[in-house]
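Residue numbers (the numbering used here), protein chains in the order written: chain A, -19 to 57; chain B, 6 to 395. Okay, structure first, notes after.
If you want it as structure tokens, here you go:
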């Protein structure tokens, strides 16, 4: 499934963000985002991860991350 | 995040100058929906559009329909119309995003990010224009209060984007094989640019395979197969009587005059598949505009979610039929299943394998394989590996 993993922005440089989720770090373009984002915000990446697709509110991100942590723990991932 | 990094991998084995083996593997998390068990339907519906954000409308509405069917409380007609409109807008946005963001990469040109950027906000605005309280996926139906000017504006924005990606009047380009060929030969805009490349390289029919279209509401044995699918094998590699079927823009638009004409000449090759997505943009826009005129307000319904039962929710998502199956026991989810279109369309014995098996392994094979994958439109990234045997 095209699981969208909310990723936390740890740095922003010239339209590119460094994001973190479950310990993995990657860079993604912010060019497709409508909302302004800052370090500490959560975003969901599009398929392939090259572009952030959507900003996610922290409480929604927390709920999704808790579910995804369960998926990882269960060995279903 | 390693375990959550789902994708498809395609491995081609070359022998004697042609593709002798096609191995398609998926690491998509087709079992993850099991972890939804133990939650209430409301909790499931709250979380699904976030964890499947890229087709969140389809996921939320499939969940709502599954719960409604399990409880024997179908949504009333005005709600079904509004939901159909939301699905159409998501479908247009997803196809347009593909053309604007991803198709240019296939010809080595720059994506049109300025236009692509407007698509997701348009979907969010459409949801708000129909369901101001944000309860668009509520079982039974949310409070439907149509903000017509806002809705009209979103459809107008989408029409503008369609004109931009066609760089012409979309309906005329898709009218017939002749008007389509004339438009492709001009090569203007991201859609015609890709199709022009494909045509010039003689690849219109590349990757052709017999098309086994799925019936409109899914295979007849869908419920039985899902019910019996305790090991998750069916949800990972679905078939109907042993035959992998397709569910996508091509199977939905096969009867359109342009697509019927292209299928006759090129079978299920590149041009038929890419064109079907373009036709789907124009047809969905028309249907959305018509629906928007006919929508009426409706109160929110408090479905009684405390019951028990099993139900399927089927929705036409951008990439094909999406099915959710739910078993409820006194208001708690006991079992949750999701069968997504990518599992049908990228079946290891499906159209990608048929289309690539026996293909010439001359220079540019990886690019041709990349085109065949893009034409089938996976919802995750796909890696390609080519191994040449002596």
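Where a beta carbon is used, it is the ideal one built from N, C-alpha and C, also for glycine.
Own chain residues within Cβ distance below 6 Å of residue 99 of chain B, not counting five before or after = 323
Through-space distance from residue 104 of chain B to residue 83 of chain A, alpha-carbon basis = The question about residue 83 of chain A has no answer, for chain A in this structure spans -19 to 57.
Proximity to residue 275 of chain B [Cα-Cα], best of B/93, B/25 and B/108 | B/108
Hey, how far is the Cα of residue 187 of chain B from the Cα of residue 113 of chain B?
-> 23 Å
Does DSSP put residue 291 of chain B in a helix, in a strand, or in coil?
-> helix
Under the rule that 16 or more other beta-carbon atoms within 10 Å means buried, what is residue 215 of chain B, buried or exposed?
-> Under this definition residue 215 of chain B is an exposed residue.
Quick one, which of B/316, B/320 and B/285 has its alpha-carbon nearest residue 74 of chain B's?
-> Taking only the C-alpha atoms, the option nearest residue 74 of chain B is B/316.
How close, in whole Å, do the beta carbons of residue 53 of chain B and residue 65 of chain B come, if the pair is a contact with beta carbons under 8 Å?
-> 6 Å
Determine the extent of the beta strand (DSSP E) in which residue 342 of chain B is found, giving its start and end residues.
-> 337 to 344
Are the segment 293 to 304 of chain B and the segment 157 to 175 of chain B touching, with three or more C-beta to C-beta distances below 8 Å?
-> yes
Excluding the five sequence neighbours on either side, which residues of its own chain have a C-beta within less than 6 Å of the C-beta of residue 301 of chain B, listed in chain order?
-> 83
For residue -14 of chain A versus residue 33 of chain A, is the C-beta distance shorter than 7 Å?
-> No.
Please list the residues of the segment 39 to 53 of chain B that have a C-beta atom closer than 7 Å to any C-beta atom in chain A, keeping them in chain order.
-> 39, 40 and 52
Under 7 Å between the Cβ atoms of residue 142 of chain B and residue 37 of chain B?
-> The answer is no: Cβ separation not under 7 Å.
Rounded to whole angstroms, what's the CA-CA distance from residue 20 of chain B to residue 391 of chain B? Just pull it up for me.
-> 11 Å
Label residue 304 of chain B either buried or exposed according to how many other C-beta atoms from any shown protein chain fall within 10 Å of its C-beta, with 16 as the threshold for buried.
-> Using a 10 angstroms sphere on the CB of residue 304 of chain B, the tally of other CB atoms stays under 16, which defines it as exposed.
How should residue 262 of chain B be labelled, buried or exposed, when 16 other C-beta atoms within 10 angstroms of its C-beta is the threshold for buried?
-> exposed
Express the C-alpha separation of residue 24 of chain A and residue 396 of chain B in angstroms, rounding to a whole number.
-> Given a span of 6 to 395 for chain B in the structure shown, any question on residue 396 of chain B remains unanswerable.
Per the contact definition of three or more C-beta pairs closer than 8 Å, is the segment 342 to 351 of chain B in contact with the segment 360 to 377 of chain B?
-> no
Rounded distance between the beta-carbons of residue 377 of chain B and residue 362 of chain B, thought under 8 Å = No, residue 362 of chain B and residue 377 of chain B are not in contact; Cβ-Cβ is about 11 Å, not under 8 Å.
First and last residue of the uninterrupted alpha helix (DSSP H) at residue 193 of chain B = Neither: residue 193 of chain B is in no alpha helix (DSSP H) and is coded neither H nor E.
Would the segment 268 to 288 of chain B and the segment 214 to 231 of chain B be scored as touching if the rule is three or more Cβ pairs under 8 Å?
-> yes
Shortest alpha-carbon distance to residue 46 of chain B belongs to which of B/334, B/191 and B/224?
-> Checked all of B/334, B/191 and B/224; the closest Cα to residue 46 of chain B is B/334.
Of all the alpha helix (DSSP H) runs that stay within the bounds of the segment 313 to 392 of chain B, which reach a length of 4 or more residues?
-> 346 to 350, 356 to 361 and 370 to 381
Taking Cβ-Cβ distances shorter than 7 Å, what residues in chain B pair up with residue 47 of chain A?
-> 40, 52 and 56
Between which two residues does the alpha helix (DSSP H) carrying residue 91 of chain B extend?
-> 82 to 102
Chain-ordered chain A contacts of residue 118 of chain B [CB-CB under 9 Å] | Simply 9, 11, 12 and 31.
Residue of B/224, B/231, B/259 and B/238 minimising C-alpha distance to residue 250 of chain B | B/224
Should residue 126 of chain B be flagged as near chain A, meaning a C-beta pair shorter than 7 Å?
-> Using beta-carbon distances, residue 126 of chain B counts as an interface residue toward chain A, with a partner under 7 Å.
Kindly indicate the opening and closing residues of the alpha helix (DSSP H) around residue 165 of chain B.
-> Start and end: 153 to 171.
Going along chain B in order, which residues have a C-beta closer than 7 Å to the C-beta of residue 24 of chain A?
-> 58
Along the beta strand (DSSP E) that carries residue 36 of chain A, what are the first and last residues, could you check?
-> 32 to 36
Interface residues of chain B around residue 44 of chain A at Cβ under 9 Å?
-> 52, 55, 56 and 58
Thinking C-beta only, is residue 8 of chain A closer than 7 Å to residue 18 of chain A?
-> no
From the DSSP output, in three-state form, read off residue 255 of chain B for me.
-> helix
Are residue 146 of chain B and residue 80 of chain B close, meaning C-beta to C-beta below 7 Å?
-> yes
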